[in-house]
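In the working numbering, the protein residues as written are 315 to 640. As structure tokens, the structure follows; a few thoughts come after it.
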């Protein structure tokens with residue numbers, strides 16, 4: 315099979331190489347998938363740089379999210395069948411074939427095409443756990459989503475709107491505002507032209523926001539602490555802005571707000587039954603049209619390295635998808 319390899323740690327355009335590898339085989343409790351499409355995620359950038367929390371030994375196959383067709387199942391796998399279209403998450407799927415553990419594979423929502431389905435697992439699972447399990451978002455509350463035009467952000471915007479929240483999206487430029495609005499943001503703030511905290515306070519009559527969904531970190535987190543409401547909740551999802559913030563414990567007492575960390579992969583390992591339950595609910599939302607991955611571009615398999623580099627540059631909106639096979 316053909317697969318992409320990270321050959322050294324560095325920028326994606328410099329370290330990704332297309333190689334030929336032996337076809338993998340499903341072992342006990344595993345699923346062999348013919349990969350149709352792979353969504354590009356920011357962890358792919360971090361994996362290439364050697365900055366992700368998981369550091370596979372070099373060389374390794376990147377890619378963490380797919381849509382594909384089951385070719386074979388190992389002993390003990392009963393929830394998916396050969397020939398079934400599936401989605402899943404596992405490091406090492408940017409290839410024509412991939413093997414995943416059974417708990418990492420789910421039936422693909424019928425309402426989504428292959429490109430949309432490839433971008434369904436991580437962003438929406440992360441959004442679901444962040445908004446509902448960590449922050450306990452309630453109908454009628456106000457939600458602030460940073461990077462609201464990106465793949466992770468648009469998923470959170472859609473889920474917040476589906477939950478009955480008033481959603482304020484923050485984007486990096488005026489050009490990205492429409493993407494956040496299409497995802498369902500009721501208000502969009504352009505941080506390049508507005509002070510985020512001042513704009514949020516103006517939009518909320520000075521009360522601030524009940525929940526913050528922050529995949530950016532750094533200055534975005536600092537702005538959030540200035541405009542979070544009394545007993546508000548900030549969910550730290552990642553640090554795409556490049557700066558890992560310090561949390562000042564004394565400042566938490568100013569408005570009795572809380573900061574929640576979210577590493578979705580821990581749920582997949584420690585409480586996989588919660589991930590399965592979330593997939594059921596997310597599939598229901600997809601079937602009703604309440605959530606639809608916002609795919610901005612689909613590129614051929616041979617252009618995968620360039621797609622990861624585009625995400626690293628921070629100029630994308632929505633989701634980039636690599637079409638592996640039709």
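Note that the Cβ used here is the ideal one computed from N, Cα and C, for glycine as well. Computed from a predicted model, the values in this text were never measured in an experiment.
Given residue i as reference, the closest of the options once Cα atoms are compared
i	options	result
residue 507	319, 489, 527 and 519	489
residue 498	469, 524 and 513	469
residue 576	439, 638 and 563	439
residue 545	529, 525, 553 and 594	525
residue 416	409, 394, 428 and 422	394
Contact check, residue i vs residue j, beta carbons under 8 Å
i	j	result
residue 459	residue 366	no
residue 402	residue 374	no
residue 396	residue 386	yes
residue 326	residue 619	yes
residue 631	residue 534	no
residue 605	residue 621	no
residue 616	residue 332	yes
residue 455	residue 479	yes
Sheet register partners of residue i (DSSP bridge)
i	result
residue 414	345
residue 464	632
Assigned secondary structure, residue i (DSSP; H/G/I helix, E/B strand, else coil)
i	result
residue 504	strand
residue 319	strand
residue 593	helix
residue 379	strand
Pairwise C-alpha distance: residue j and residue i
i	j	result
residue 343	residue 412	14 Å
residue 445	residue 549	8 Å
residue 627	residue 607	21 Å
residue 434	residue 578	14 Å
residue 451	residue 475	11 Å
residue 495	residue 485	10 Å
residue 531	residue 551	8 Å
residue 482	residue 502	6 Å
residue 599	residue 360	30 Å
residue 449	residue 522	16 Å
residue 541	residue 581	29 Å
residue 392	residue 595	21 Å
residue 587	residue 574	21 Å
residue 638	residue 538	39 Å
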